[in-house]
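A quick write-up on the structure given underneath.
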Amino acid sequence: MEVVNTRPADLLIRLADDSEAIPRLFEATESCTIGRGYRNQLVINDEYADACAVQLSRTADQQFWQLMLVDNSVNVRLNDRPLEAGAHYRIENGDELTIGKTTLVLIDPDVPVAAARPLNLHRWQGGFLGILFTLASLMLVLAGFQGLEWLLINPTSNWRETLVFVTAGLMVASMWAGIWALVGKLFRQQAAFFDHLLALTTVLAITMPLEYVPDWLAFTTNTPLLNRIADHLISLLLVFLLISKHMALATRLKRPRMVAAMATLILTGILAVNEFNSFESRQYWPSYSNSLAPASWYLGPVQSPDEYLDELGQLLDQMPAAADEPMPDDTDPEALIDMMNE
Amino acid sequence: MISKTFDKEARLSSLMPRWQRLIRCYQILLATSLLALLLPVANPAHAETGQQARELFASLRQQVHQIRIIDIGSGNKHVIGSGFQVSTDGLIATNFHVVSDYVHHPEKFRVEYFNDAGQALPVTVMAVDVVHDLAILRGETSEHWFNINTSALDKGERIFSMGNPHDLGMTIIEGTYNGELQQSRYRKILFSGSLNPGMSGGPAFNGQGEIIGVNVSTGGDQISFLVPAQYLQQLLERARNLSEPDISENAIADSLLADQQSFYQNLLNGPFATETLGQLQVPGKLDDTIKCWGNTNDDRGGSDSIDLNVITLSCQTDDDIFLSSDLQTGELSYRYHWLTTKDLNGTQFYSQVQGFYRHASFGGSREDKGAFHCDDSVVRLQDKDWKVSTCFRAYRRYPQLLDASLIMAAINDPHASLVVNLGASGISRENALALFRRFMETLAWKS
Chain A
5 MEVVNTRPAD LLIRLADDSE AIPRLFEATE SCTIGRGYRN QLVINDEYAD ACAVQLSRTA
65 DQQFWQLMLV DNSVNVRLND RPLEAGAHYR IENGDELTIG KTTLVLIDPD VPVAAARPLN
125 LHRWQGGFLG ILFTLASLML VLAGFQGLEW LLINPTSNWR ETLVFVTAGL MVASMWAGIW
185 ALVGKLFRQQ AAFFDHLLAL TTVLAITMPL EYVPDWLAFT TNTPLLNRIA DHLISLLLVF
245 LLISKHMALA TRLKRPRMVA AMATLILTGI LAVNEFNSFE SRQYWPSYSN SLAPASWYLG
305 PVQSPDEYLD ELGQLLDQMP AAADEPMPDD TDPEALIDMM NE
Chain B
493 MISKTFDKEA RLSSLMPRWQ RLIRCYQILL ATSLLALLLP VANPAHAETG QQARELFASL
553 RQQVHQIRII DIGSGNKHVI GSGFQVSTDG LIATNFHVVS DYVHHPEKFR VEYFNDAGQA
613 LPVTVMAVDV VHDLAILRGE TSEHWFNINT SALDKGERIF SMGNPHDLGM TIIEGTYNGE
673 LQQSRYRKIL FSGSLNPGMS GGPAFNGQGE IIGVNVSTGG DQISFLVPAQ YLQQLLERAR
733 NLSEPDISEN AIADSLLADQ QSFYQNLLNG PFATETLGQL QVPGKLDDTI KCWGNTNDDR
793 GGSDSIDLNV ITLSCQTDDD IFLSSDLQTG ELSYRYHWLT TKDLNGTQFY SQVQGFYRHA
853 SFGGSREDKG AFHCDDSVVR LQDKDWKVST CFRAYRRYPQ LLDASLIMAA INDPHASLVV
913 NLGASGISRE NALALFRRFM ETLAWKS
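So the sequence lines, in the order shown, correspond to chains A and B.
Be aware that the first sequence starts at 5, since it is given in our numbering, and climbs by one per residue.
Be aware that the second sequence starts at 493, since it is given in our numbering, and climbs by one per residue.
Put into structure tokens, the structure is as follows:
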């Protein structure tokens with residue numbers, strides 16, 4: 005690297021994509037930590053940034069600024085190159101430091117910059133209006149869900165029920181965001197309550213309308229299995245989105261989406277094992293598509309009575325003799341519960 | 493003088509405290525009740541019947557036994573019932589349901605009878621008639637046995653029954669013969685007397701001590717049922733020719749198969765009676781042994797109630813065949829729900845209809861029946877679309893029999909639909925398919 009700062013000098017840091025932002029000046033005698041946590045000298049509002057990502061300090065000879073990763077921070081790149089933990093990197097004029105999704109330019113203080121807004125030091129980006137927007141969005145999503153329920157299922161619900169549902173939903177969502185905020189406080193020194201609430205609102209807005217898809221599929225295709233699969237897929241999507249959003253906000257995981265995908269995969273495995281284990285017991289209850297809708301929604305073939313009865317004849321031909329089917333396992337607690345229910 | 497006394501008493505009465513008047517009322521009521529109780533005792537007819545019951549009990553007690561199913565593991569009673577001698581060579585009649593646990597699990601139980609002399613003696617189950625709930629056992633030879641009388645009785649004729657209710661000891665009860673049940677798939681005598689648990693399999697006899705039926709079940713409050721002696725006679729003749737017990741699963745399966753064949757052949761060969769329900773003609777009361785009930789539930793009342801009108805027609809056979817405490821079979825039931833709405837939209841309406849579109853679960857544990865096998869489709873009947881679903885479930889011990897359930901819902905009209913729930917237990921596959929076909933063919937929209 006070419007040395008530009010040949011004297012002990014101050015360091016200016018500004019946002020790469022916001023030339024109007026007032027750069028932050030660090031005097032030559034200071035050291036500086038940058039990260040998401042409030043205790044840093046330079047706080048950046050980036051959910052992908054670590055609580056304390058890097059430390060800037062003077063070299064031993066006081067001639068240069070140098071940069072060091074803190075606590076194996078992830079998502080930090082200097083001039084688009086990853087950094088090694090424990091190594092020191094000398095800073096040059098114009099170096100671009102990327103932390104999370106925020107890119108900072110480290111510049112010589114002699115370079116003139118335009119005066120503008122203060123550099124990105126607030127805690128909640130949306131401000132008060134953003135809070136109002138988040139709460140209103142969540143209420144709207146909950147009310148929308150109730151509205152869909154009214155439109156598609158049960159027209160007896162009234163504004164009182166909707167109010168109770170929205171209030172209860174708001175409380176539950178707040179508790180949920182609160183728990184994640186505590187996690188965030190623990191791992192990133194930043195609660196980000198409203199970020200979590202906004203994340204939950206977004207995920208609910210995406211997945212809630214999808215809740216009706218399995219029933220629709222069950223009717224249009226007459227396939228109970230497809231119904232179950234769709235049901236599980238929507239649950240997995242919900243889990244993936246929630247985990248990835250909340251993890252990114254509340255933890256220092258390097259790749260929150262990857263972790264969310266892994267968690268979803270593990271959950272898929274658990275669901276598959278559970279499905280497999282309960283397959284036998286489920287067979288002792290009729291498994292059929294019980295969704296009903298107007299005929300115009302149906303996409304499958306329509307049979308004549310003769311065709312359908314022929315199909316039933318084939319089903320009977322293919323049915324294994326009941327005597328050949330395994331007897332219930334008296335030692336299996338799940339099977340015992342099923343038998344008690346029967 | 494009389495009037496004065498009366499006036500005085502009346503005045504006193506009016507002056508009496510309320511509680512004293514109440515006590516006086518109770519005294520009058522008590523005296524009246526005692527008088528009413530004493531009247532029958534004084535009635536010569538009752539005295540005569542009481543004398544007859546005493547004589548019958550004294551002369552017949554030696555040929556009526558308690559039947560006990562003993563749990564081999566614990567060595568204690570598992571089930572108790574009653575039975576009676578029907579031959580000198582040791583044949584004893586009882587109900588199949590008394591010995592069914594032994595028949596299904598001979599490795600777990602043994603059968604014995606406890607005679608009037610207080611002896612517990614071993615016994616062998618020789619033959620069973622599961623359809624009419626009868627069994628013949630072979631025990632020790634006996635000099636005392638019942639004659640069977642299959643001749644018709646007159647309604648109102650006094651008959652008697654013996655048995656050991658609740659293991660309390662051998663008792664005799666009297667009641668009246670009230671003819672055979674008219675709307676029952678299996679002939680049964682209506683006995684106006686109080687049978688109780690433990691009396692099953694006991695004898696019901698006339699004043700001459702001749703068997704006219706076998707105790708089988710109770711409907712409560714002096715409503716009891718007897719198996720007619722004719723079926724006992726038939727089973728007894730079969731048992732007499734047996735050197736070895738004939739209680740195999742195959743024998744039971746054959747009788748079940750023959751019974752359902754006879755019932756469904758009769759049903760399917762004749763024309764289907766129809767009834768009008770909403771805008772459709774539907775199969776109605778298909779047989780005398782089937783009872784139908786109706787109900788209308790108009791839910792359009794309150795502001796927060798769903799705008800859904802439901803007319804229900806529900807038909808089913810009144811009795812079934814007992815195979816085990818977990819498994820009864822031989823039922824046929826069909827139910828229609830005609831649903832209409834004015835204000836609901838299509839999806840709202842069918843979301844409500846969905847609640848009626850459910851398969852019968854039938855009875856029976858996993859030890860008795862295999863897994864369900866279902867098929868869903870949409871079928872077009874007379875230019876109208878119906879969502880249909882069928883489920884079958886085979887019996888483990890009787891592989892030719894299965895439970896069959898068909899549900900159908902008309903899905904063309906967004907404001908009116910008919911849901912059909914048809915279920916038959918212990919039916920052959922051929923009869924199930926034929927029954928489904930007839931139902932589909934008979935359903936017709938009114939033009």
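Built from N, CA and C at the ideal position, the CB exists for glycine as well.
Predicted model only: the values in this text are computed from it and were never measured.
**Message:** Under 8 Å, Cβ to Cβ, is there at least one residue of chain B near Trp289 (chain A)?
**Reply:** Yes, Trp289 (chain A) lies at the interface with chain B (some Cβ there is under 8 Å from its Cβ).
**Message:** Given a cut-off of 8 Å on the beta-carbon distance, is the pair Tyr842 (chain B) and Leu296 (chain A) in contact?
**Reply:** yes
**Item:** Neighbourhood of Ser709 (chain B) by C-beta, 6 Å cutoff - its chain only, sequence neighbours within 5 removed
**Value:** Phe717
**Asked** So is Pro213 (chain A) in contact with chain B if we call contact Cβ pairs under 8 Å?
**Response** Not an interface residue.
**Prompt:** Going by beta carbon distance, what residues of the same chain come within less than 8 Å of Gln150 (chain A), once the five residues before and after it are set aside?
**Reply:** Within the same chain, Cβ atoms closer than 8 Å to the Cβ of Gln150 (chain A) are found at Ser161, Glu165, Thr166, Phe169, Val170, the five residues on either side in sequence being excluded.
**Item:** Of the listed residues B:Ser897, B:Ala902, B:Ala936, B:Val912, nearest to Arg921 (chain B) (C-alpha basis)
**Value:** B:Ser897
**Request:** Could you tell me how far apart the beta carbons of Asp1006 (chain B) and Ser853 (chain B) are, in whole angstroms, since I believe they sit closer than 8 Å?
**Result:** A question about residue 1006 (chain B) goes unanswered here, because the residues of chain B that appear run from 493 up to 939.
**Asked** Apart from the five residues on each side of it in sequence, which residues of its chain come closer than 7 Å, Cβ to Cβ, to Ile803 (chain B)?
**Response** Leu769, Gly770, Thr788, Trp830
**Message:** Quick check: is the beta carbon of Arg929 (chain B) nearer than 8 Å to any beta carbon in chain A?
**Reply:** Yes, because at least one Cβ of chain A sits closer than 8 Å to the Cβ of Arg929 (chain B).
**Request:** Measure from the C-beta of Glu315 (chain A) to each C-beta in chain B and report whether the shortest distance is under 8 Å.
**Result:** yes
**Message:** Which same chain residues end up closer than 7 Å to Leu772 (chain B) when comparing Cβ atoms and leaving out the 5 residues on each side of it in sequence?
**Reply:** Excluding residues within five positions, the ones whose Cβ falls inside 7 Å are Leu910, Leu935, Ala936, Trp937, Lys938.
**Interface partners of Lys879 (chain B) on chain A, CB under 7 Å** = Ordered by position in chain A, the residues that pass the 7 Å Cβ test against Lys879 (chain B) are Leu296.
**Asked** Is the Cβ of Gln1 (chain A) closer than 8 Å to any Cβ of chain B?
**Response** Residue coverage of chain A in this structure runs from 5 to 346, which leaves residue 1 (chain A) outside it and unanswerable.
**Asked** chain B partners of Ser282 (chain A), CB-CB under 7 Å?
**Response** Result: empty, since nearest Cβ-Cβ is about 13 Å, beyond 7 Å.
**First through last residue of the beta strand (DSSP E) which encompasses Asp65 (chain A)** = Careful: Asp65 (chain A) lies outside any beta strand (DSSP E) and carries neither H nor E.
**Message:** Taking the beta carbon of His596 (chain B) as the centre, do at least 16 other beta carbons fall within 10 Å, making it buried, or is it exposed?
**Reply:** Buried is the call here.
**Prompt:** At least one CB of chain A closer than 8 Å to the CB of Gly838 (chain B): is that the case?
**Reply:** yes
**Start and end residues, beta strand (DSSP E) containing Thr616 (chain B)** = Looking at the DSSP string, the run of the beta strand (DSSP E) that includes Thr616 (chain B) is 616–621.
**Request:** Kindly indicate the opening and closing residues of the beta strand (DSSP E) around Pro695 (chain B).
**Result:** 695–697
**Below-8 Å beta-carbon distance, Gly567 (chain B) vs any chain A residue** = no
**Request:** Give every residue of the same chain whose Cβ lies closer than 6 Å to the Cβ of Pro116 (chain A), excluding the five residues on either side of it in the sequence, and list them in chain order.
**Result:** Residue confidence is low: Pro116 (chain A) scores 41 on pLDDT, short of 50, so the model does not pin down where it sits. No coordinate-derived value is stated.
**Asked** Given a threshold of 16 other Cβ atoms within 10 Å of its Cβ, counted over all protein chains shown, does Lys879 (chain B) qualify as buried or as exposed?
**Response** buried
**Interface residues of chain A facing Met654 (chain B) [CB-CB closer than 7 Å]** = Those do not exist, as Met654 (chain B) stays about 37 Å from chain A at its closest Cβ, beyond 7 Å.
**Asked** What alpha helix (DSSP H) runs, 4 residues minimum, are completely inside the segment 870–903 of chain B?
**Response** none
**Prompt:** In three-state DSSP terms, what is Ser692 (chain B)?
**Reply:** coil
**Item:** For Arg560 (chain B), three-class secondary structure by DSSP
**Value:** Arg560 (chain B) falls in the strand class under three-state DSSP.
**Request:** Starting from Ile233 (chain A), find everything on chain B with Cβ-Cβ shorter than 8 Å and list it in chain order.
**Result:** Contact note: Ile233 (chain A) does not reach chain B at a C-beta cutoff of 8 Å; the least C-beta distance is about 16 Å.
**Asked** Distance, Cα to Cα, Val774 (chain B) vs Ile739 (chain B)?
**Response** 41 Å
**Continuous beta strand (DSSP E) stretch holding Gln840 (chain B): start and end** = First-last for Gln840 (chain B): 838–845, but that is the alpha helix (DSSP H), not the beta strand (DSSP E).
**Residue from B:Phe814, B:Ala908, B:Gly847 whose Cα sits closest to the Cα of Asp835 (chain B)** = That would be B:Ala908, whose Cα lies nearest to the Cα of Asp835 (chain B).
**Residues of its chain near Leu174 (chain A), where Cβ-Cβ distance is below 8 Å and the 5 sequence neighbours each way are ignored** = Leu139, Leu142, Met143, Leu146
**Message:** Can you look up Arg503 (chain B) in the DSSP assignment and give me helix, strand or coil?
**Reply:** Only weak support exists for where Arg503 (chain B) lies, its pLDDT of 40 falling under 50; the value from the coordinates is given anyway. Arg503 (chain B) falls in the helix class under three-state DSSP.
**Request:** Kindly indicate if chain B contains any beta-carbon less than 8 Å away from that of Thr160 (chain A).
**Result:** Yes, because at least one Cβ of chain B sits closer than 8 Å to the Cβ of Thr160 (chain A).
**Item:** Cβ pair count under 8 Å reaching 3, the segment 680–696 of chain B against the segment 642–660 of chain B
**Value:** Output reads yes: the segment 642–660 of chain B touches the segment 680–696 of chain B.
**Request:** Would you mind telling me which residues of chain B sit closer than 8 Å to Glu329 (chain A), beta carbon to beta carbon, in chain order?
**Result:** Gly862, Ala863, Arg888
**Asked** In whole angstroms, what separates the C-alpha of Met618 (chain B) from that of Thr833 (chain B)?
**Response** 60 Å
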